[in-house]
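With the working numbering, you'll find the sequence shown wraps up at 128, consecutive numbering, no jumps.
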Amino acid sequence: MRAAFHGFPRFVSVGLLNTLIHWSTFFVLHTVMSFRQAPSNFTGFCLAVSFSFYANARYTFKQRTSVPRYLLFVGFMGLLSYGVGYGADQLLLPGLITLVVFSGISLVCGFFYSKYFIFRGRER
């Protein structure tokens, strides 16, 4: 169990900055500009995911990046982001709930998806 969470504290520290980028973007789009939650959440995620991908590749997993890895990561996590936003729109949930739910889901899913699929293998 301990090995499964190796690197998790570093992932969380990158995630804090990622969350700031994501939430700020969501707030501007949804609250200030009146966009719906799904596109606001997806756009915020797309901006934050680029930072997160490169920072985690280098800092957390010590792996080189590639376009295919980036596209797989963005695609999977983007679908997750949009799905949470879509569900929130259907349930008429407040934006803050959407952000909190997605942040929790993406932290856990993003870590294991990155560790065992995107950045699996030996550290450089």
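A virtual CB, placed ideally from N, CA and C, is assigned to each residue, including glycine.
* To do: Assuming residue 46 and residue 82 form a contact by the criterion Cβ under 8 Å, report the distance between their Cβ atoms to the nearest whole angstrom.
  => In the sequence shown, residue 46 corresponds to position 42, counting from 1. In the sequence shown, residue 82 corresponds to position 78, counting from 1. Right, their Cβ atoms sit about 6 Å apart.
Nearest-angstrom Cα separation, counted from residue 16 out to residue 49
Reading the sequence shown from its first residue, position 45 is the one you call residue 49. Reading the sequence shown from its first residue, position 12 is the one you call residue 16. Taking the straight line from one Cα to the other gives about 16 Å.
Taking one C-beta from the segment 49–58 and one from the segment 94–104 each time, how about it: are there three or more such pairs within less than 8 Å? no
Notebook entry, point to check: When burial is assigned at 16 or more other CB atoms within 10 Å of the CB, is residue 23 buried or exposed?
Noted result: Reading the sequence shown from its first residue, position 19 is the one you call residue 23. Its Cβ being crowded by 16 or more others within 10 Å, residue 23 is buried.
Practice task
Please determine, among 30, 66, 118, the residue with the shortest C-alpha to C-alpha distance to residue 86.
Solution key: The residue you call residue 86 lines up with position 82 of the sequence shown. Looking at the Cα atoms, 30 is the closest of the given residues.
Worksheet item: Grouping DSSP H, G and I as helix and E and B as strand, with all else coil, what is residue 128?
Response: Working through the sequence shown from its first residue, we reach residue 128 at position 124. Here residue 128 scores only 49 on pLDDT, less than 50, and its place in the model is too uncertain to base an answer on.
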